[in-house]
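*Asks:*
2 protein chains.
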Amino acid sequence: MKSKNYHMTPAQFREEGKKIIDWIADYYENIEEYPVLSQVKPGEIKDSLPISAPQKSESIDEMIRDLNEKIMPGITHWQSPNFFAYFNSNTSFPSILGDLVSSGLGVQGMIWATSPAATEVETRVLDWLAEMMDMPESFKSTSTGGGVIQDTASTAALTALIAARERATKFQSNNKGLEEKLVAYISTQTHSSVEKGVKIAGIGKDNLRLIDVDENFAMRPDLLEKQIQKDKKDGLHPFFVCGTVGTTSSTAIDPIKAIGEICKQENCWYHIDAASFGTAMICPEFRHFINGVELADSYSFNPHKWMFTNFDCNVFWVANRDELINTFSILPEYLRNKATETGEVFDYRDWHIQLGRRFRSLKLWFVIRHYGVEGLRHHIREHIKLAQDFKNWVAESKDFEVVVEPLLNLISFRHIAGDDFNIRLMNTINETGKIYFTHTKLNGQVVLRMNIGQTHIEEKHVKVAWNIIQETAKKLV
Amino acid sequence: MKSKNYHMTPAQFREEGKKIIDWIADYYENIEEYPVLSQVKPGEIKDSLPISAPQKSESIDEMIRDLNEKIMPGITHWQSPNFFAYFNSNTSFPSILGDLVSSGLGVQGMIWATSPAATEVETRVLDWLAEMMDMPESFKSTSTGGGVIQDTASTAALTALIAARERATKFQSNNKGLEEKLVAYISTQTHSSVEKGVKIAGIGKDNLRLIDVDENFAMRPDLLEKQIQKDKKDGLHPFFVCGTVGTTSSTAIDPIKAIGEICKQENCWYHIDAASFGTAMICPEFRHFINGVELADSYSFNPHKWMFTNFDCNVFWVANRDELINTFSILPEYLRNKATETGEVFDYRDWHIQLGRRFRSLKLWFVIRHYGVEGLRHHIREHIKLAQDFKNWVAESKDFEVVVEPLLNLISFRHIAGDDFNIRLMNTINETGKIYFTHTKLNGQVVLRMNIGQTHIEEKHVKVAWNIIQETAKKLV
Numbered sequence: 027m028k029s030k031n032y033h034m035t036p037a038q039f040r041e042e043g044k045k046i047i048d049w050i051a052d053y054y055e056n057i058e059e060y061p062v063l064s065q066v067k068p069g070e071i072k073d074s075l076p077i078s079a080p081q082k083s084e085s086i087d088e089m090i091r092d093l094n095e096k097i098m099p100g101i102t103h104w105q106s107p108n109f110f111a112y113f114n115s116n117t118s119f120p121s122i123l124g125d126l127v128s129s130g131l132g133v134q135g136m137i138w139a140t141s142p143a144a145t146e147v148e149t150r151v152l153d154w155l156a157e158m159m160d161m162p163e164s165f166k167s168t169s170t171g172g173g174v175i176q177d178t179a180s181t182a183a184l185t186a187l188i189a190a191r192e193r194a195t196k197f198q199s200n201n202k203g204l205e206e207k208l209v210a211y212i213s214t215q216t217h218s219s220v221e222k223g224v225k226i227a228g229i230g231k232d233n234l235r236l237i238d239v240d241e242n243f244a245m246r247p248d249l250l251e252k253q254i255q256k257d258k259k260d261g262l263h264p265f266f267v268c269g270t271v272g273t274t275s276s277t278a279i280d281p282i283k284a285i286g287e288i289c290k291q292e293n294c295w296y297h298i299d300a301a302s303f304g305t306a307m308i309c310p311e312f313r314h315f316i317n318g319v320e321l322a323d324s325y326s327f328n329p330h331k332w333m334f335t336n337f338d339c340n341v342f343w344v345a346n347r348d349e350l351i352n353t354f355s356i357l358p359e360y361l362r363n364k365a366t367e368t369g370e371v372f373d374y375r376d377w378h379i380q381l382g383r384r385f386r387s388l389k390l391w392f393v394i395r396h397y398g399v400e401g402l403r404h405h406i407r408e409h410i411k412l413a414q415d416f417k418n419w420v421a422e423s424k425d426f427e428v429v430v431e432p433l434l435n436l437i438s439f440r441h442i443a444g445d446d447f448n449i450r451l452m453n454t455i456n457e458t459g460k461i462y463f464t465h466t467k468l469n470g471q472v473v474l475r476m477n478i479g480q481t482h483i484e485e486k487h488v489k490v491a492w493n494i495i496q497e498t499a500k501k502l503v
Numbered sequence: 027m028k029s030k031n032y033h034m035t036p037a038q039f040r041e042e043g044k045k046i047i048d049w050i051a052d053y054y055e056n057i058e059e060y061p062v063l064s065q066v067k068p069g070e071i072k073d074s075l076p077i078s079a080p081q082k083s084e085s086i087d088e089m090i091r092d093l094n095e096k097i098m099p100g101i102t103h104w105q106s107p108n109f110f111a112y113f114n115s116n117t118s119f120p121s122i123l124g125d126l127v128s129s130g131l132g133v134q135g136m137i138w139a140t141s142p143a144a145t146e147v148e149t150r151v152l153d154w155l156a157e158m159m160d161m162p163e164s165f166k167s168t169s170t171g172g173g174v175i176q177d178t179a180s181t182a183a184l185t186a187l188i189a190a191r192e193r194a195t196k197f198q199s200n201n202k203g204l205e206e207k208l209v210a211y212i213s214t215q216t217h218s219s220v221e222k223g224v225k226i227a228g229i230g231k232d233n234l235r236l237i238d239v240d241e242n243f244a245m246r247p248d249l250l251e252k253q254i255q256k257d258k259k260d261g262l263h264p265f266f267v268c269g270t271v272g273t274t275s276s277t278a279i280d281p282i283k284a285i286g287e288i289c290k291q292e293n294c295w296y297h298i299d300a301a302s303f304g305t306a307m308i309c310p311e312f313r314h315f316i317n318g319v320e321l322a323d324s325y326s327f328n329p330h331k332w333m334f335t336n337f338d339c340n341v342f343w344v345a346n347r348d349e350l351i352n353t354f355s356i357l358p359e360y361l362r363n364k365a366t367e368t369g370e371v372f373d374y375r376d377w378h379i380q381l382g383r384r385f386r387s388l389k390l391w392f393v394i395r396h397y398g399v400e401g402l403r404h405h406i407r408e409h410i411k412l413a414q415d416f417k418n419w420v421a422e423s424k425d426f427e428v429v430v431e432p433l434l435n436l437i438s439f440r441h442i443a444g445d446d447f448n449i450r451l452m453n454t455i456n457e458t459g460k461i462y463f464t465h466t467k468l469n470g471q472v473v474l475r476m477n478i479g480q481t482h483i484e485e486k487h488v489k490v491a492w493n494i495i496q497e498t499a500k501k502l503v
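For the record, the sequence lines run as chains A and B.
Going by the numbering used here, the first sequence runs without a break in its numbering and finishes at 503.
Going by the numbering used here, the second sequence runs without a break in its numbering and finishes at 503.
1) Taking all protein chains shown into account, decide if glutamine 176/B is buried (16 or more other Cβ within 10 angstroms of its Cβ) or exposed.
2) Leaving aside the five residues before and after arginine 403/B along the sequence, list all residues of the same chain whose C-beta is less than 7 Å from its C-beta, in chain order.
3) For chain B, check one thing: does any of its Cβ atoms lie closer than 8 Å to the Cβ of histidine 441/A?
4) So that I know if they touch, is there some Cβ in chain B lying closer than 8 Å to that of histidine 263/A?
5) Taking 8 Å as the threshold (C-beta atoms), are isoleucine 379/B and threonine 181/A in contact?
6) Kindly indicate if chain B contains any beta-carbon less than 8 Å away from that of lysine 44/A.
7) Mind checking whether proline 358/A and serine 106/B have CB atoms under 8 Å apart?
8) Relative to the C-alpha of isoleucine 188/B, which residue among Asp373/B, Phe265/B and Gln215/B is closest?
9) Using the C-alpha atoms, what's the distance from valine 127/A back to glutamate 41/B?
10) Valine 430/A lies in the beta strand (DSSP E); which residues open and close that run?
11) For the pair the region 382 to 399 of chain B and the region 83 to 91 of chain A, tell me if three or more CB-CB distances fall below 8 Å.
12) Identify whether tryptophan 310/B lies in helix, strand or coil by the three-state DSSP scheme.
13) Counting only Cβ pairs nearer than 8 Å, list the residues of chain A close to threonine 178/B.
14) Between the C-alpha atoms of isoleucine 495/B and glutamate 55/B, what's the straight-line distance to the nearest angstrom?
15) Which residues of chain A have a Cβ atom closer than 9 Å to the Cβ of glycine 398/B, listed in chain order?
16) Just how far apart, CA to CA, sit leucine 451/B and serine 423/B?
17) What do you reckon, are the CB atoms on asparagine 336/A and alanine 111/A nearer than 8 Å?
18) Kindly indicate if chain B contains any beta-carbon less than 8 Å away from that of threonine 117/A.
19) What residues from the region 129 to 155 of chain A come within 9 Å of chain B, judged by C-beta to C-beta, listed N to C?
20) Can you pull out the residues from the region 266 to 290 of chain B whose beta carbon lies closer than 8 Å to at least one beta carbon of chain A?
21) Go ahead and pull the three-state DSSP assignment for asparagine 340/A.
22) Anything in the region 228 to 251 of chain A with a Cβ closer than 7 Å to a Cβ of chain B? List those residues in chain order, please.
23) Can you grab the Cα-Cα spacing for the pair lysine 411/A / isoleucine 316/A, in whole Å?
24) So with Cβ pairs under 8 Å, would you call phenylalanine 39/A a contact of chain B?
25) Can you give me the Cβ contacts of threonine 102/A inside the same chain, cut-off strictly under 6 Å, excluding the 5 residues immediately before and after it?
26) Who are the near neighbours of aspartate 240/B in its chain, counting only those whose CB is closer than 8 Å to its CB and skipping five residues on each side?
27) Tell me whether isoleucine 188/B sits in a helix, a strand or coil according to DSSP, three-state version.
28) Compare the C-beta of valine 127/A against all C-beta atoms of chain B and say whether one is closer than 8 Å.
29) Could you name the residues of the region 165 to 194 of chain A whose beta carbon sits closer than 7 Å to any beta carbon of chain C, in the order they occur along the chain?
30) With 8 Å set as the bound, which would you pick, yes or no: does the beta-carbon of serine 219/A sit closer than that to a beta-carbon of chain B?
31) Starting from the beta carbon of methionine 158/A, find every residue of chain B whose beta carbon is closer than 7 Å, and list them in chain order.
32) Serine 129/A: buried (16+ other C-beta within 10 angstroms of its C-beta) or exposed?
33) Assuming isoleucine 229/A contacts alanine 210/A (C-beta within less than 8 Å), just tell me the rounded distance between them.
34) Quick one: does leucine 436/B have its CB under 8 Å from some CB of chain A?
35) Identify whether glycine 286/B lies in helix, strand or coil by the three-state DSSP scheme.
36) Any idea which residues DSSP pairs proline 264/B with across the strands?
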């Protein structure tokens, strides 16, 4: 007698899967009808769900019903063309399909042998990307370096910090713990993830120096140099510098080459975080922003921000993969295998913190092939053009001012009526659900941010957004 | 004039998406026709792909063709019912659908406000799971603790280590770096990820003690106690102990309660890693394996191993969420928002290393609702029964021996002809592609491992596997 089987059959999956595909297509067709920023109160979603798990099987139809009725009110619509908050985290239909294939295959590519394709597609696609951005040869797998997919830029920065820590201690800190005071350097505008990484790596925030910035909010290399000399004089050990291509608050681009030269001279690991702006480097006219990248030890950006690839997908390159592998490699008996022992393969679990890994390069592969380099460049240029339009409208307005000239697709601006007014303006607009944007502070003042990078954004969305901001400001004044 | 647009439309997505759904259904219908372990040589997949990214757009049909022709030969089929290697990383159709919804929505739930549902579904579903496993109240969000989804058990262990480091240094190590010698304790059988975590956290491997095990490969609490006393006498600071429920090599279960009592007495953070076996705790008859869990500070397991949920999905609970949040919280201006300031919401980015996060609880929600608690228990029990059958066949054979009595679904066994023979036997079988299993070492001797946890495994698969192993051994002797 065959026992009861609770699994969904392939035939049922065909049927239910197509319902979900249609549900997603419907969602994108109607996405502008939802309030961009979820309007629910804390606890509202949780309280709508049963306190205990169901004992008996429920149907996919019931789940779809609950998605529509209970979950959707709690969604902030990151894929809406009216989403201008933070840095976007855009996706695209080809990326969703690539990720679906990955879920379907369900391989765990921790080492080469556990699915050679999961490793080799990743290696090849990251070499493609390196070439698309005219990266130095050393960052390619065919040379001394190579790329690997990490979950986020936070993790990439932490990974760089740990490898840097190992190099600085002559590969002793993994074994002995930290026995000297290492010092890391960022600017006052660097993303908070580096501070978090410095804490996790046992360096300590007190040993992180925040170098002041120039009038464009870019790190001042003269002050970096001065601080490093001071720290050396105090018996400390400078070991790591992070440069940023596109800071979160103002899209500042640190002087990549000047910092790199200091790093070389002072023997510091040089990590470049291009989380959001990195995508633009595929356009030759913007590539000059990372001139000097050949001086870097590691470089990362997030295709899951602006390159139509769904979260999570950070790409991280190193110029010298041996240092990275020596830092993260552990080979217990249960993972020994013939391919690893030949030394002919990459085992990517030695390139990062986690052991297990998903086949994430498939979505990148789908995205790059669907758009072609040409299509990717086209849309990035469009977004930058729309951002420049928006900036011009702000510049022409008598009530608003541009705070920083936008280099790419983020506009930092504010109403002239002061901090409280700007926050009130932003909250009032966000509560309408028509558009969603966020704020930061620069030089102690509130600044509004409009990030233009949504997959399906068109000129009309930017125009409507600017109208809403102007009209609301007039009413509130 | 409307400019060229390279995006896929919702209508095209409906069509292409359904092709991919069918492709996945076809795959599962034919999965047993593929060699389980990929038979390609290093470089073969990479060399089959173009050296450069395409300039022009390619079609989804071309990608599907390449999937079939170029990628599939490089896949090791983790979802095959003939996969018995490592710990399985099973998935199920409902999980694939839940993950597809997550990809489709494309929300980035770093903080509550960026999609309240992404936070609150996670909180609720992890409370469900805690209840399903009869976890102590303190681990629930309604009490002092709560659960969060991490990518892997490696990251969960690292997260616990960092929080433990902070507690042990009175929340000073994040700021000052490590200024004293902290010591962590695991057994000789604990997973290598804890060693990796100890390195990353700046503790140093030299400050990690490997406590010896008893005849069942479980940690000896008397030796743990002795080592802690010795380290204290030497002026060191014991701060962290990891107990394992189901070690990788032999499925040993450490004495959870006895270790917990030592941790309480010595004021050590007690982390329990139940990565693979944790799923079985939803069956009341196996729950006794974690008696004493109420003494733990943190507990984690991987629904992406044995609970039909696709990678990555680790669940991690703490008894005191304030300690965790105090360890990982950073609040830059650009993430400030009203909901966070009320203190009424969880911002999960403060519960882990990364900032960004995917809506991963959807797949767990789909899985638990599709199977119901009843269905999940049914299949776990089936797997354990099949493992016991296999063990009995081994025990009855005159050529093979059971190395460790299997407590749950992993059988450790070997042929009596010695180490070299066992490795040769395993490699010979794996190269046929009929089944795939792996080895480890226990007490210095090679041991073969059969892990029985594939979603679609049936009795016939286990019988065939045992026949193949026996027949091949006869031929090779």
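Glycine included, C-beta positions come from ideal geometry on N, C-alpha and C.
Predicted model only: the values in this text are computed from it and were never measured.
*Replies:* Considering the structure as presented:
1) Here residue 176/B is taken as the residue at index 150 of the second sequence, counted from 1. By the neighbour-count rule (16 or more Cβ atoms within 10 Å), glutamine 176/B is buried.
2) As a working note, residue 403/B is residue 377 in the second sequence. Apart from the 5 residues on each side of it in sequence, arginine 403/B sits with its Cβ closer than 7 Å to the Cβ of Ile308 and Cys309 in its chain, given in chain order.
3) Here residue 441/A refers to the residue found at position 415 of the first sequence. Taking Cβ atoms only, chain B never reaches closer than 8 Å to histidine 441/A, which makes this a no.
4) The residue labelled residue 263/A in the question sits at position 237 within the first sequence. So, not an interface residue.
5) The residue you call residue 181/A lines up with position 155 of the first sequence. The residue you call residue 379/B lines up with position 353 of the second sequence. Closer than 8 Å, so yes.
6) Position 18 of the first sequence, counted from the start, is the residue given in the question as residue 44/A. Proximity of lysine 44/A to chain B, defined by a Cβ-Cβ separation below 8 Å, is satisfied.
7) Within the first sequence, residue 358/A is the residue found at index 332, counting from 1. Within the second sequence, residue 106/B is the residue found at index 80, counting from 1. No, the Cβ-Cβ distance between proline 358/A and serine 106/B is not below 8 Å.
8) Counted from its first residue, the second sequence places residue 188/B at position 162. Per the Cα distances, Phe265/B.
9) Here residue 41/B corresponds to residue number 15 of the second sequence, with the count starting at 1. Here residue 127/A corresponds to residue number 101 of the first sequence, with the count starting at 1. Rounded to whole angstroms, glutamate 41/B to valine 127/A spans 15 Å at the Cα level.
10) The residue labelled residue 430/A in the question sits at position 404 within the first sequence. 426 to 430 is the span of the beta strand (DSSP E), which, as asked, contains valine 430/A.
11) Counting Cβ pairs under 8 Å, three or more are found: they touch.
12) For the purposes of this step, residue 310/B is taken as residue 284 along the second sequence, with counting starting at 1. Inspection of the sequence shows that residue 310/B is occupied by proline rather than by tryptophan. The answer is helix: DSSP assigns proline 310/B an H, G or I state.
13) Here residue 178/B refers to the residue found at position 152 of the second sequence. Threonine 178/B reaches chain A at Gln380, Leu381 and Gly382, counting residues in chain order whose Cβ is nearer than 8 Å.
14) Along the second sequence, one-based indexing puts residue 495/B at 469. Along the second sequence, one-based indexing puts residue 55/B at 29. If you take the alpha carbons of isoleucine 495/B and glutamate 55/B, they lie about 25 Å apart.
15) Position 372 of the second sequence holds residue 398/B. Going along chain A in sequence order, the residues near glycine 398/B (Cβ under 9 Å) are Tyr32, Ala79, Pro80, Gln81, Lys82, Ser83 and Glu84.
16) For the purposes of this step, residue 451/B is taken as residue 425 along the second sequence, with counting starting at 1. For the purposes of this step, residue 423/B is taken as residue 397 along the second sequence, with counting starting at 1. Each residue's Cα considered, the two are about 16 Å apart.
17) On the first sequence, position 310 is the one that residue 336/A refers to. On the first sequence, position 85 is the one that residue 111/A refers to. The answer is no: Cβ separation not under 8 Å.
18) On the first sequence, position 91 is the one that residue 117/A refers to. For threonine 117/A, the closest Cβ of chain B is nearer than 8 Å.
19) Per Cβ criterion, the list reads Ser129, Gly130, Leu131, Gly132, Val133, Gln134, Gly135, Met136, Trp138, Ala139, Thr140, Ser141, Pro142, Ala143, Ala144, Thr145, Glu146, Val147, Thr149, Arg150, Val151, Asp153, Trp154 and Leu155.
20) Result list: Thr274 and Ser275.
21) Within the first sequence, the letter at position 314 stands for residue 340/A. Correct three-state label for asparagine 340/A: strand.
22) Going along the region 228 to 251 of chain A in chain order, one finds Gly228, Ile229, Gly230, Lys231, Asp232 and Asn233 with a Cβ nearer than 7 Å to chain B.
23) Start at 1 with the first residue of the first sequence, and residue 411/A comes out as number 385. Start at 1 with the first residue of the first sequence, and residue 316/A comes out as number 290. It is roughly 20 Å from the alpha-carbon of lysine 411/A to the alpha-carbon of isoleucine 316/A.
24) One-based indexing of the first sequence puts residue 39/A at position 13. By this cut-off, phenylalanine 39/A is an interface position.
25) As a working mapping, residue 102/A is identified with position 76 in the first sequence. So the qualifying residues of the chain are Leu63 and Ser64.
26) Within the second sequence, the letter at position 214 stands for residue 240/B. If we look at aspartate 240/B and ignore the five residues flanking it on each side, its Cβ neighbours are Arg246.
27) Walking along the second sequence from the start, residue 188/B turns up at place 162. Isoleucine 188/B falls in the helix class under three-state DSSP.
28) Start at 1 with the first residue of the first sequence, and residue 127/A comes out as number 101. Contact with chain B is found for valine 127/A, since one of that chain's Cβ atoms lies less than 8 Å from the residue's Cβ.
29) Reference to chain C is not applicable here, since the protein chains of this structure are A and B.
30) Along the first sequence, one-based indexing puts residue 219/A at 193. Cβ-Cβ to chain B under 8 Å: yes for serine 219/A.
31) Sequence index remark: in the first sequence, residue 158/A carries index 132 (1-based). At a beta-carbon threshold of 7 Å, the residues of chain B lying near methionine 158/A are Ala79, ordered along the chain.
32) Numbered from 1 along the first sequence, position 103 holds the residue referred to as residue 129/A. With 16 or more other Cβ atoms within 10 Å, it is buried.
33) What you label residue 229/A is simply residue 203 of the first sequence in a count that begins at 1. What you label residue 210/A is simply residue 184 of the first sequence in a count that begins at 1. About 6 Å separates the two Cβ atoms, so the contact holds.
34) The residue labelled residue 436/B in the question sits at position 410 within the second sequence. With respect to chain A, the C-beta atom of leucine 436/B has no partner C-beta closer than 8 Å.
35) Here residue 286/B is taken as the residue at index 260 of the second sequence, counted from 1. Under the three-state reduction of DSSP output, glycine 286/B falls in the helix class.
36) As a first step, residue 264/B is located in the second sequence; it is residue number 238 there, counting from the start. The partner list for proline 264/B (beta bridge, DSSP) reads Val209/B.
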